[in-house]
Amino acid sequence: MNRKELLHGILLLPALAAGIAAASTGTAQAKGTKAQFKYQDHPNGKSKCSGCTLFIPNKNAKLPGTCKVVEGAISPNGWCTAFSPKS
Ligand code: SF4
-14 MNRKELLHGI LLLPALAAGI AAASTGTAQA KGTKAQFKYQ DHPNGKSKCS
36 GCTLFIPNKN AKLPGTCKVV EGAISPNGWC TAFSPKS
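For the sequence shown, the working numbering assigns the number -14 to the initial residue and increments by one for each residue that follows.
Next comes the structure, spelled out in structure tokens:
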């Protein structure tokens, strides 16, 4: 390896590390908006967030919970197009 190749490798390493870090954190926490998933704060027939595998209930049952894929406060009586029924 000559001096030019060594210098090129040294310059590329930080950029490569930053790219890997950005890719790994960007995909793990991304949620969609309520509009993207056509979220509504009332059930769709018998389907509602409390019966969805993606719903995360609040410890205080009187308060809204959250969702693994939709951002913001989520009503247990809400619904969206990503509804995934519990079996
Ligand atoms: S995916 Fe949709 S239906 Fe399921 S908990 Fe989230 S907002 Fe509610």
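No residue lacks a Cβ here, since even glycine has one placed at the ideal position from N, Cα and C.
In angstroms with no decimal places, state the Cα-to-Cα distance between residue i and residue j.
i	j	result
residue 24	residue 60	10 angstroms
residue 22	residue 65	6 angstroms
residue 4	residue 16	Interpretation of residue 4 is limited by its pLDDT of 44, a score under 50 that renders its predicted location unreliable; the figure taken from the coordinates is listed afterwards. Each residue's alpha carbon lies about 21 angstroms from the other.
residue 82	residue 29	Absent from the model: residue 82. The displayed extent of the chain is -14 to 72, so no value can be given.
residue 20	residue 40	17 angstroms
Using only the heavy atoms of the ligand SF4, determine whether one of them is closer than 7 angstroms to the beta carbon of residue i.
i	result
residue 48	no
residue 57	no
residue 69	yes
residue 30	no
Less than 8 angstroms between the beta carbons of residue i and residue j, yes or no?
i	j	result
residue 36	residue 43	no
residue 55	residue 67	yes
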